[in-house]
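> Per this note's numbering, the sequence shown runs over residues 3 to 591.
I have a structure I would like to understand better, so I am pasting it below and will then ask my questions one at a time.
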Amino acid sequence: CSQTMDGLGEATDEELQEWMFFFHMERTGCDNSSSGNRYEPIVGCTRKAAIPIQNGSDGLLLLLNENIPDNYDVFFNGWDRTGTPSPSGVGIHHPSGDYKKISTYGKYPVESVTWSNADTKQTGARNAHWNTTFDETANGHAVTEGGSSGSPLFNDKGLIIGTLSGGTSSCEDPNGLNLYGKFSFHWNKFSENTKERMDIWLDPQNTGTTYLAGMSQDGQTVEAGLMAPTDLTARKTTDGNIELEWKAPIYQQIIGWGDQGIVSQFGLGDPFYYGQRWDTNDLTPIHKKTITTVYFTPVENVSYAVYIEQGNRIYEEDLTDIEYQKTNAITLKKPFTIDAGQDLIVAIHAKEYNKKIFPAFADEGPAIDGKGNIYAMSDKKWATFPTEELDANSCISFVVTSEEGELTNSASLLSAKKQALNPVKSTKMTIIRSEIASSSPEGFLITDFTEPTGYQINRDQLELVTLPASSTQYTDKNIPANAPVYQVYALYNDKKSQPVTIDTDTSVDNEQIQREEEVSIQPNLFSDQVNIIHNQQVKLLEISASNGKLVRKIQHPGSIIHTGSLPQGVYFFRMTTDRTTKTIQGIRK
């Protein structure tokens, strides 16, 4: 919840006893003329924790006065307190007290911001809020309104990462601010006072857990964050067997030095590169993994390019379709494979600009010397900003995925002499205070990716075999008379992912059921969400019902599409890439 409910003031204990909570206040479609559910109420609550918006994050934790009856059939949402920015997700809310609405984001990642309200003269804790810009879909462009306050923001794993405080978005300004207090700040960052922190209530045994999966009322958990296998295919062999093949699950993390919160803006007068550097020790967990996306904020009237350098490998891509004064997620035309034996530089090249313009942004600092604060002129001789000029880190971060790439034309520098980076004073450097309120996604230290411990294969809902993690194919030699449906789960010790499903009834003898590996959906039989495989290649996703009606249209979709609001039935996912258009059938169960 929101502590202030967007400026309405803090409720008294007596008023909380009269608060009403409604469950299932929703309709079958976005249009309020569609049929609605009978919603169930509960009256009264007590306040357990409250974090103010002034110098805080505006959080409120309540305990209902009575247990929720079993026949309400509610779902308890899980949460993520890591503070990790999400590239996509949804906000679920009741704008102006309306029936439930679902707002989708994915074109722009969430950004760290500081709450500031000139009318109430309130300023939140630094970078204690997320800002998100919702996407335009087939149902219109989502915004938040009065009545949405306190509603949850979900990440791409379906976990709560924030609660709405307010903003400036409206139907007239759909790209305005939607500011959510960070759940990671609600947790324990405001105060040691037990009434001003949520951790002692949500993790009373102090287990240190960083996320908690959601749970249905009957106790069934929905494990979050455990990805399913990708690119499942099946083919009939000449001897009548069915051969299944799949790829390992794909994870991603956002990496960058500093907190990425924009504070200052700088320029050097001439074309220059600004970026960040990672040494071989930093890169050990992500050897042969791939960089797919770079985040940065461009300034108008500047020509930019993404620049990546590692040993004798250089990747440079000119940028044309960008939005100024806003964080841009630049999907690389070709993913860059990381060699952990060589230092890595990820940078932005400010190629052309007027000398009175400041093309680059930096955080508050202090600089992570030799890593977060590097730059070079056209000679590409890298140096660090002198601390007396700019003691801060450049605002740039990138996405690395667990998918392995191939290293070509790469000579390892494990035994080579490394270039020393020294501060170089530049008489051309000019720095101003930035007027941009938002920031790039926060970067985090590189961590090991979650890896499956095995795979489980089901045939027609019954377990068929369990395989080690090294196996990504299986041949079924005992084929039933009917065309079987296979499900493949990724196992993680005693837990498992959602399944990816393939129906062999659509097969042709000796032909792969699913040929294209670039883009796909999983599972084909879904309920609340669908995974878009290789979503970074999809420029446009269109979801149509079986009657041909377009129900969702998303540009540059995220890896997870939330489908809980769709009625049961058959849907067609039409995915347009630079090379082709592919349509896949799915079933909402």
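Ideal Cβ positions, reconstructed from N, Cα and C, are used throughout, including at glycine.
Could you tell me whether the segment 131-143 touches the segment 171-188, using the rule of 3 or more Cβ pairs below 8 Å?
yes
> What are the residues that DSSP puts in a beta bridge with ARG554?
ILE545
> Grab me the residues of GLY169's own chain with a C-beta within less than 7 Å of its C-beta, minus the 5 sequence neighbours each way, in chain order.
Closer than 7 Å at the Cβ level, and outside the excluded window around GLY169, lie THR146, GLY178, LEU179, ASN180 and LEU181.
> What three-state label does DSSP hand TYR253 in the structure shown?
It is coil, neither helix nor strand.
> Under the three-state reduction of DSSP, which class applies to GLN587: helix, strand or coil?
strand
> Reducing DSSP to helix, strand and coil, say where HIS188 ends up.
DSSP, reduced to helix, strand and coil, places HIS188 within a helical segment of the structure shown.
> Considering only their Cβ atoms, is the gap separating THR468 from TYR494 smaller than 8 Å?
Result no, Cβ atoms of TYR494 and THR468 do not sit closer than 8 Å.
> Please check the pair PHE528 and LYS584, which I expect to be a contact at CB under 8 Å, by giving their CB distance rounded to whole angstroms.
17 Å between Cβ atoms; not a contact.
> Kindly list the residues whose CB is nearer than 6 Å to the CB of PHE192, restricted to its own chain and excluding five residues on each side of it in sequence; keep chain order.
Same-chain partners within the cutoff: ILE53, GLY58 and GLU198.
> Count Cβ pairs between the segment 94-113 and the segment 241-254 that sit closer than 8 Å; are there 3 or more?
no
> Please work out which residues of its chain come closer than 7 Å, Cβ to Cβ, to ALA338, disregarding the five sequence neighbours upstream and downstream, and give them in chain order.
Reading off the sequence shown, one finds Phe at residue 338, where the question assumed Ala. Excluding sequence neighbours, PHE338 sits near THR292, ILE293, ILE310 and TYR317.
> Taking C-alpha atoms, which residue in VAL76, ILE288 and TYR107 lies nearest to GLU408?
ILE288
> Less than 8 Å separating the beta-carbons of TYR276 and ILE350?
yes
> State the Cα-Cα distance for the pair GLU68 and ILE44, rounded to the nearest angstrom.
Distance between the alpha carbons of GLU68 and ILE44 is about 8 Å.
> Does the beta carbon of LYS383 come closer than 8 Å to any beta carbon on chain D?
The structure shown has no chain D; it contains just one protein chain.
> Give me the residue from ILE94, CYS32 and PHE24 with the minimum Cα distance to TYR74.
PHE24
> Among PRO154, GLY126 and ILE55, which residue has its Cα nearest to the Cα of VAL92?
PRO154
> Do the CB positions of GLN458 and ALA230 come within less than 8 Å of each other?
no
> Hey, SER473 and ASP233: beta-carbon distance below 8 Å or not?
no
> Are the CB atoms of VAL490 and VAL502 within a distance shorter than 8 Å?
Contact flag set, yes.
> Once DSSP output is grouped into helix, strand and coil, what is the label at LYS197?
helix
> For VAL467, list the residues DSSP reports as bridge partners.
VAL467 pairs with ILE459.
> I believe TYR253 touches SER88 by the beta-carbon criterion, under 8 Å. Please report the beta-carbon distance rounded to the nearest angstrom.
That pair is no contact at about 13 Å.
> Quick one, which of ASN141, GLU12 and TYR476 has its alpha-carbon nearest LYS249's?
TYR476
> Starting from ASP505, trace the alpha helix (DSSP H) in both directions and tell me its first and last residue.
It is not in any alpha helix (DSSP H) - ASP505 instead sits in the beta strand (DSSP E) that spans 502-505.
> Hey, GLU366 and GLY263 are a contact pair by Cβ (cut 8 Å); roughly how many whole angstroms apart?
6 Å
> Would GLN524 be called buried (16 or more neighbouring beta carbons within 10 Å of its own) or exposed?
buried
> Quick one: what's got a C-beta closer than 6 Å to GLU406's C-beta in the same chain, skipping five residues either side?
LYS290
> Give, in chain order, every unbroken run of the beta strand (DSSP E) that is at least 3 residues long and sits entirely within the segment 270-306.
274-280 and 291-298
> What would DSSP say about LEU409, mapped onto helix, strand or coil?
coil
> Assign GLN207 to one of three DSSP states: helix, strand, or coil.
coil
> Just the Cα atoms here: how many angstroms apart are PHE387 and MET577?
44 Å
> If you measure between the beta carbons of HIS558 and LYS541, is that distance less than 8 Å?
Closer than 8 Å, so yes.
> Give me the Cα-Cα distance between ASP580 and GLN538, rounded to the nearest whole angstrom.
11 Å
> Give the C-beta separation of THR286 and ALA342 to the nearest angstrom, bearing in mind that I take them to be a contact with Cβ-Cβ under 8 Å.
5 Å
> Reducing DSSP to helix, strand and coil, say where ASN73 ends up.
helix
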